[in-house]
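S.K.: Structure incoming, see below.
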Amino acid sequence: MADLDEAVVLDREALELRPQGHPDRSTSLNNLAVDLSTRYNQLGAMADLDDAIVLDREALELRPQGHPHRSISLNNLAFRLSTRYNQLGAMTDLDGAIVLGRDAVDLSLPGHKDRSISLETLASALYTRFMQLRQVDDKKSLFSLYAQLVDAPQLVSSTDLSAARAWIRVAEEFQHPSTLLAYETSLRLLIHHLAALPSLPHHLTILKDRISSLAVDAFSACLRRGARVRAVELLEQGRSVFWSQLSRLRFPLDDVMASGPVGMLLADEFTQLASLIRIALNSPGGDQHGRLCHLNVEMQGIIINIRELPGLSRFLLPSLFSELQRAASGGPVIIVNASQYSCDALVVLLDRDPVHIPLQIAQASVRNLSEELHASTERANKVDVTRKLGSLLRNLWDQVVSPIVDFLLTTLPLQSRIWWCPTAEFSVLPLHAAGPYRKGERNLSDLYISSYTPTLSALIRARRPAPSNTSGGRKRFVAIGQANANGQLELHSVGTELANIGHRIIGLASFTQIEGFESCISRVAEELCKSEWVHLACHGLPNRTRPFESAFALHDGRLTIERIMRCEPENPQFAYLSACHTTVGDEDSPDEVIHLASAMQFAGFRSVIGTMRAVDDAETDKITSTFYKHMVDESGCLDHTRAAFALNKTMKSVRIPLDQRILYIHLGA
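So, in structure tokens, the structure goes:
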């Protein structure tokens, strides 16, 4: 508060130095009004708000029609009159705010930088008056204002995002026909906003602070209106936004180049610009922000030009359901969604529209299950852990998984593969391990073979064919171990684990084993780029607040997600992450799915084994040895598409505690 008080004092002194007639007096009036209003928000002193309103009125008088800042002065005064109405209830303040707000919107034409904030201020005042007087015209007017956000410019500001979210809140409250349009507009504005800015970790702050539940709420809104296909499209568009933005820089350009000379030129420009953006992303220094903004704007121009080519009108646009449905080519994909409005499952099938299964559980109860899971695995007594986990897995079965299985049993043969695509609070729950856990009854793992995918697009990418320039020789398999990373407890089983893997793999692949001082950051990064199969046995170090700093602990430091993102392997197929917490991401934005396993997927590995919690070092060698035994197909070759089957088989045959048996999961193809 001391800084704010000092700012008010300095504002008053500056105003005294700009008396009546000074050309910049309105600026000083505005600055003082803003700081007084901020202090009112902190302390609630009405005198500060009253003074701010007086100053706003004088500033407005000094900004007549034609003044470039008149619209913002109109908006500021309207906003503060609305604030005073909320405190004192004087209808003259609210009516005055609406009159001023209309003038501000009229002056802020489409494309004006202050238009969205003026729209939101006026719409908020109209909402307040409607709730007080129930005048239908006010309700019509406020939704008419919000609908103007549909025509927001390509370069989207944070205030555009805020206004769109306000539209969603009001539309949901009134169950207004524009609700889906509000969600669609918000998601489109979000994508445009991020596309014009650097794809750096600070974007996660935007995703957390402004639109953390946007995609899951949009999904729920669609299902509540019977729009199942649109639900899939909007969820896909609004989840894992960071990875989607980065994947634009690695998009295959075959169709663009095949369109003709213009396409070849644009593909070359796209490739060069993508390379410059990647270099800027990986370069330290604050001066990169402006350069990245410029490069991303250039990239938007190239993308627009590519979309004008024949057959490429949807280049890098959000995928349609007809494209996303291909994710179910190997088996159904089950989206399990937790929203403040409803919890639902949607089964995506290859040959028909998605099937909606409403879940009789609230978001708060899902959150309670995740908290129970965390608490149960923290217990020291193994018997107590097993008892608590059994109870939790039964609850998960009864409330979530069993209704889904009831449907699957009517359409899918036993032992078929299924893919889970959980959102929000569901993303930390072991859906694959749910079951009644009672004698004579079958758990999910006895019925179907589970895998996970962060998005449908990620699963489609995981099934892409190998590059045409890939040699047909033996696979290159690298096993990397680090038992004694600095500052970490020793992992006693790493040596045995790698030896057992070598025993299984030698003769099936070109096998390289790296451990001790050789397992340094540069060497491991190099091996990731040239190996088809990778096994990492080391400490996993999740960072729940700065997920890009999550890392594998190596001899000379940490191999972070940021470093893994730079890898571009030639023909990556399979990665086994024998480390703790490799599927644990940011606690406030689980739908961005930023963790070590997803980083390996982004690097190109089609099939990944990850872990949901802490791994018991004493159990890893027997698990991995059995697992790789099942990774060999009938012809005696390693096959990465057997990973889900091999994991399921391993967990049924190896005698290990329940808490260890349920923490391993398969992601990808």
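If you use UniProt numbering, the sequence shown closes out at 669, no skipped numbers anywhere.
Every residue gets a Cβ at the ideal spot worked out from N, C-alpha and C, and that includes glycine.
Please read these numbers as outputs of a predicted model, since none were measured by experiment.
(1) Quick one: residues in its chain with C-beta nearer than 6 Å to the C-beta of L55, no 5 flanking neighbours on either side, listed in chain order?
(2) In this structure, how does DSSP classify N484 when only helix, strand and coil are distinguished?
(3) Of all the options T455, A280, R504, which has the alpha carbon lying nearest to the alpha carbon of T624?
(4) Please classify G286: is it buried, with 16 or more other beta-carbons within 10 angstroms of its beta-carbon, or exposed?
(5) Nearest-angstrom Cα distance between F321 and L10?
(6) Please return the same chain residues whose Cβ sits closer than 8 Å to the Cβ of T185, not counting the five positions on each side in sequence.
(7) What number of angstroms, rounded off, separates the C-alpha of A433 from the C-alpha of E120?
(8) Contact between the stretch 448 to 467 and the stretch 415 to 423 is defined here as three or more beta-carbon pairs at a separation below 8 Å; is this criterion met?
(9) Can you pull the DSSP bridge partners for N337?
(10) Hey, how far is the Cα of H193 from the Cα of D586?
(11) Specify the secondary structure class of T626 as computed by DSSP and reduced to three states.
(12) Do you know offhand how far D617's Cα is from H630's?
(13) Note down the Cα distance separating P358 from R661, rounded to an integer number of angstroms.
(14) Would you report the Cα separation of Q300 and G260, rounded to the nearest angstrom?
(15) When DSSP labels each residue in this structure, what does I357 get in the three-state scheme?
(16) How is R461 classed by DSSP in three states: helix, strand or coil?
(17) Mapping the DSSP letters down to three states, classify G436 as helix, strand or coil.
(18) Do you know whose CA, among V229, T560, M131, D446, lies nearest L414's CA?
(19) Quick check: the Cα distance between L109 and R115, rounded to an integer number of angstroms?
(20) At which residues does the alpha helix (DSSP H) containing S144 begin and terminate?
(21) Under the rule that 16 or more other beta-carbon atoms within 10 Å means buried, what is S144, buried or exposed?
(22) Rounded to the nearest angstrom, what separates N571 and C529 at their Cα positions?
(23) Would a check of beta-carbon distances place T423 closer than 9 Å to chain C?
(24) Helix, strand or coil, according to DSSP, for Q513 in the structure here?
(25) Would you mind giving the Cβ-Cβ distance between Y146 and R224, rounded to the nearest angstrom? I have them listed as a contact below 8 Å.
(26) Can you tell me which residues form a DSSP beta bridge with T611?
(27) Whether or not the stretch 473 to 492 and the stretch 433 to 442 are in contact is what I'm after, with contact meaning three or more pairs of Cβ atoms, one per stretch, closer than 8 Å; do they touch?
(28) Alpha carbon to alpha carbon, what distance is there between V229 and residue 689?
(29) Taking only runs that begin and end inside the stretch 364 to 451, name each unbroken alpha helix (DSSP H) of 4 or more residues, in chain order.
(30) Nearest CA to the CA of R544: which residue from L596, I279, R606?
(31) Is it buried or exposed for A258, if we count other Cβ within 10 angstroms and need 16 for buried?
(32) Which residue or residues does DSSP assign as beta-bridge partners of Y576?
(33) Could you tell me whether the stretch 516 to 523 touches the stretch 549 to 563, using the rule of 3 or more Cβ pairs below 8 Å?
(34) Does the contact criterion of 3 or more C-beta pairs under 8 Å hold for the stretch 83 to 95 versus the stretch 134 to 144?
(35) Please state the DSSP three-state secondary structure of A559.
(36) Tell me the DSSP secondary structure of G286 in three-state form.
M.R.: Per the coordinate set shown:
(1) L29, L32, A33
(2) coil
(3) R504
(4) For G286, the pLDDT reaches just 47, beneath the cut-off of 50, and the residue's location in the model is therefore unreliable, leaving the point undetermined.
(5) 58 Å
(6) L149, V150, A152, A164, W167
(7) 46 Å
(8) yes
(9) D344
(10) Distance between the alpha carbons of H193 and D586: 21 Å.
(11) helix
(12) 21 Å
(13) C-alpha separation (whole angstroms): 29 Å.
(14) The alpha-carbon atoms of Q300 and G260 are separated by roughly 21 Å.
(15) strand
(16) Note: R461 maps to helix in three-state DSSP.
(17) In the sequence as presented, Gly is not what sits at residue 436; that position holds Pro. Coil at P436, not helix or strand.
(18) Across the set V229, T560, M131, D446, the C-alpha of D446 shows the shortest separation from the C-alpha of L414.
(19) Roughly 7 Å between the two C-alpha positions.
(20) 136 to 147
(21) exposed
(22) 8 Å
(23) Among the protein chains of the structure shown there is no chain C, as only one such chain exists.
(24) strand
(25) Contact flag wrong, Cβ pair sits at about 19 Å.
(26) Y664
(27) no
(28) Residue 689 falls outside the range modelled here, since the chain spans only 1 to 669, and no answer is possible.
(29) Within the stretch 364 to 451, the runs of alpha helix (DSSP H) that reach at least 4 residues and sit entirely inside it are, in chain order, 382 to 396, 402 to 408, 444 to 447.
(30) L596
(31) exposed
(32) Y576 pairs with H535, I609.
(33) yes
(34) no
(35) A small correction: the amino acid at residue 559 is Leu; Ala does not occupy that position in the sequence shown. Three-state DSSP puts L559 in a strand.
(36) Unreliable positioning characterises G286 in this predicted model, as indicated by a pLDDT of 47, which lies under 50. The coordinate reading is nonetheless provided below. G286: coil per DSSP, three-state reduction.
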